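Undergrad:
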Amino acid sequence: MLYEFKNKSTNPHFTEVEDVTPQEVFESTEKVKLVDVREISEFTGELGHAPQSELVVLSTLPEKLKSLPQDKTIVFICRSGGRSAQAAAYAKQQGYQNVHNMLGGMLLWNQLQLPTEK
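For the sequence shown, the UniProt record's numbering gives the first residue as 1, with consecutive numbering after it.
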């Protein structure tokens with residue numbers, strides 16, 4: 001099922017990608033698919049990862065994208081928002097319609113003191 005974020009903005013580097021805030025992502029965790037595109041060491045490292053997020057390392061996205069649901073809203077996450085914006089742009093190019101980038105990545109997620117797992 002698709003979920004529509006209320007407060008989204010256009011990414012300045014990838015105009016086809018919409019950014020959403022960590023707070024809004026946290027509040028919609030049960031309604032969206034969270035995909036973390038960092039390296040394994042980052043996913044399990046100091047910043048941790050958002051609960052219920054799935055690790056799909058950015059370099060493996062072309063081969064693993066098909067395993068992600070097209071009928072659900074997907075939010076891509078990384079450390080600061082750069083790699084996740086690339087991932088969202090790539091997914092859009094491959095036909096995924098409702099994909100978003102989490103603004104500020106796990107750095108901002110942690111600054112907001114949202115829960116993490118390691």
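Backbone N, C-alpha and C define an ideal beta-carbon position, used for all residues, glycine too. Fair warning: this is a prediction, and the values are worked out from it, not measured in the lab.
Where are the alpha helix (DSSP H) runs, 4 residues long or more, that stay fully inside the UniProt domain "Rhodanese" (28-118), in chain order?
TA: The qualifying runs are 40-43, 61-64, 82-93, 105-111.
Undergrad: Going by DSSP, what residues sit across from residue 18 in a beta bridge?
TA: Here residue 18 corresponds to residue number 18 of the sequence shown, with the count starting at 1. Beta-bridge pairing links residue 18 to 10, 100.
Undergrad: Whole angstroms are fine: how far does the CA of residue 95 sit from the CA of residue 109?
TA: The residue labelled residue 109 in the question sits at position 109 within the sequence shown. The residue labelled residue 95 in the question sits at position 95 within the sequence shown. Near 28 Å, if we compare the C-alpha coordinates of residue 95 and residue 109.
Undergrad: Give the single residue among 29, 71, 62 whose Cα lies nearest to the Cα of residue 91.
TA: Stepping through the sequence shown from its first residue, residue 91 is reached at position 91. Answer by Cα proximity: 62.
Undergrad: Report all residues from its chain with a CB closer than 6 Å to the CB of residue 122; omit the five preceding and five following residues, and keep chain order.
TA: What the structure shows of the chain is the stretch from 1 to 118, and residue 122 is not part of that stretch, so it cannot be assessed.
Undergrad: Here's the rule I'm using: 16 or more other beta-carbon atoms within 10 Å means buried, otherwise exposed. How should residue 33 be labelled?
TA: Here residue 33 is taken as the residue at index 33 of the sequence shown, counted from 1. Buried, because 16 or more other Cβ atoms sit within 10 Å of the Cβ of residue 33.
Undergrad: Relative to the C-alpha of residue 55, which residue among 71, 72, 70, 79 is closest?
TA: To locate residue 55, count along the sequence shown from 1; it is residue 55. The candidate whose alpha carbon is nearest that of residue 55 is 79.
Undergrad: Of all the options 117, 107, 35, 101, which has the alpha carbon lying nearest to the alpha carbon of residue 64?
TA: Position 64 of the sequence shown, counted from the first residue, corresponds to residue 64. Of the candidates 117, 107, 35, 101, the one whose C-alpha sits nearest the C-alpha of residue 64 is 35.
Undergrad: In chain order, what residues of the same chain lie with their CB nearer than 7 Å to the CB of residue 42, ignoring the 5 residues before and after it?
TA: Residue 42 sits at position 42 when you count from the first residue of the sequence shown. Excluding sequence neighbours, residue 42 sits near 79.
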